[in-house]
Structure formats: C-alpha cells, structure tokens
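What follows is one structure encoded as structure tokens, with my remarks underneath.
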Amino acid sequence: IETFFALAYLFNYLDEYNIITLDWANLTYSYEYIYIAEGCKPAGLALSYFLTKLVALKLIMPSNIHMIGHNLGAHVLGACGANVYELTGMKIGRITGLNPKGPISISTWDVFIYLKKTLQKDDADFVDLIHTAKTRIFPSTTGHVEFYPNGGKTPQPGCTFNYIIKNMTGPVNETPEIKKVFE
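Per our numbering, residue 11 is the first one in the sequence shown, and the count goes up by one each step.
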C-alpha cells in the first residue's frame, strides 16, 4: 500500500518531493497489538538518526519534512520528531497522525509500559490528527488541530464491521479487543 501512495504522489509531483517509507516490522516480535507498540520508540529513534544524517549532510531541513503515520505509526513519528529535535535543536515541520490511538483503547498504564511515547504537539512545528475510529479511551495524544470526520463515529459510513473483517487478515485482527471496538 505504501508503494501505491508513494507512486501516486511522485506521479503528481515529480522532482518536487522525496518520499521515504519506513517498514518497522522487524522491530516487533509478536502479533499481539500491545507488544507491537513496544517497537514504536525504537523505530522512531532509528528514523530520527537517518533524518539527522540527511540534515547533517545538508540534504534536507527538518522544517521541510512532512511525516504521515497511521495508527501506531503516528507514535513512531512522535518519537522520531522528539529525537530529531533533541539531536539537532530543530523541529520537524509537520506530522500528520491518522487514527493515532490505534484500533483498541489504550489505558494510561499500557501507554507507559508498552508505547512509552505518544505523538504530542511539541514533536513538530505543526501536528494535525485525524480520528476516524473514536473510542472511549485515547492515549495522551495531542495535536495543534484534531479532526473527527463524521464525529469520529465508528464504523465510518460505508465501512462496516463485516467489510473490515473480510478485508483484514492475520491473527491480530481476530482478537476480542478488535471486535469490541466495532460493537
């Protein structure tokens, strides 16, 4: 999917943008969602070291970077943005978090133990969040602006539980926690 979006972007803006995608699957050791969350901070740190190297080589300025992350990927970018600032004294220009809470509710304790770092508005010059799958408990994610299309109603119009389950595969998507979100 990431390749599809990268190619679509490149087709429309050839020679105007560089697109970097991050596959952090090797930093996770489980199909359990909460344990996958443990890989967020290490993935964010690895990405921050890469971006910091590009900054040191004067190939890019952090203020020109717009990062987009979905679900736990938004928290990866939060860790990245915070570390880029710590290493360079410069903030990433923009981070967009798409459903940064993840598909299940995360308690404060789970955030502390597993996620360690959530996307915050101080991780970039501008942080915008789009919540399309609102649940009762969000991790302590904050943005400069937060959008709730259709009030963040779950499921979104045209996106039913049966459609989601039919089009998702793997043991993670069959847990009682995932099913509870859509009840």
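For every residue, glycine included, the Cβ atom is placed at its ideal position computed from N, Cα and C.
Residues sharing a beta bridge with residue i, DSSP
{"i": "D138", "result": "T106, V155"}
Alpha-carbon spacing of residue i relative to residue j, whole angstroms
{"i": "I29", "j": "T38", "result": "24 Å"}
{"i": "G153", "j": "A143", "result": "16 Å"}
{"i": "G83", "j": "P110", "result": "8 Å"}
{"i": "L32", "j": "I78", "result": "11 Å"}
{"i": "Q130", "j": "M100", "result": "16 Å"}
{"i": "K163", "j": "A89", "result": "28 Å"}
{"i": "T128", "j": "L139", "result": "12 Å"}
{"i": "W34", "j": "H80", "result": "13 Å"}
{"i": "I44", "j": "L108", "result": "18 Å"}
{"i": "I46", "j": "T106", "result": "21 Å"}
{"i": "G103", "j": "P72", "result": "6 Å"}
{"i": "S58", "j": "F136", "result": "17 Å"}
{"i": "L64", "j": "G91", "result": "14 Å"}
{"i": "Y27", "j": "N160", "result": "31 Å"}
{"i": "T98", "j": "V86", "result": "18 Å"}
{"i": "E70", "j": "F60", "result": "The sequence shown places Ile at residue 70, not Glu. Using only the alpha carbons, I get a separation of about 11 Å."}
Exposure of residue i, with buried meaning 16 or more beta-carbon neighbours within 10 Å
{"i": "K51", "result": "buried"}
{"i": "D133", "result": "buried"}
{"i": "N93", "result": "buried"}
{"i": "S40", "result": "exposed"}
{"i": "A66", "result": "exposed"}
{"i": "H76", "result": "exposed"}
{"i": "P181", "result": "Note on P181: pLDDT 47, under 50, position unreliable in the model; no value is reported."}
{"i": "V155", "result": "exposed"}
{"i": "G49", "result": "buried"}
{"i": "G54", "result": "buried"}
Practice problem: Jot down the residue ranges of each uninterrupted beta strand (DSSP E) in the stretch 44-110, minimum 3 residues, whole runs only, in chain order. | Solution: Fully contained in the stretch 44-110 are the following beta strand (DSSP E) runs of length 3 or more, in chain order: 76-80, 102-108.
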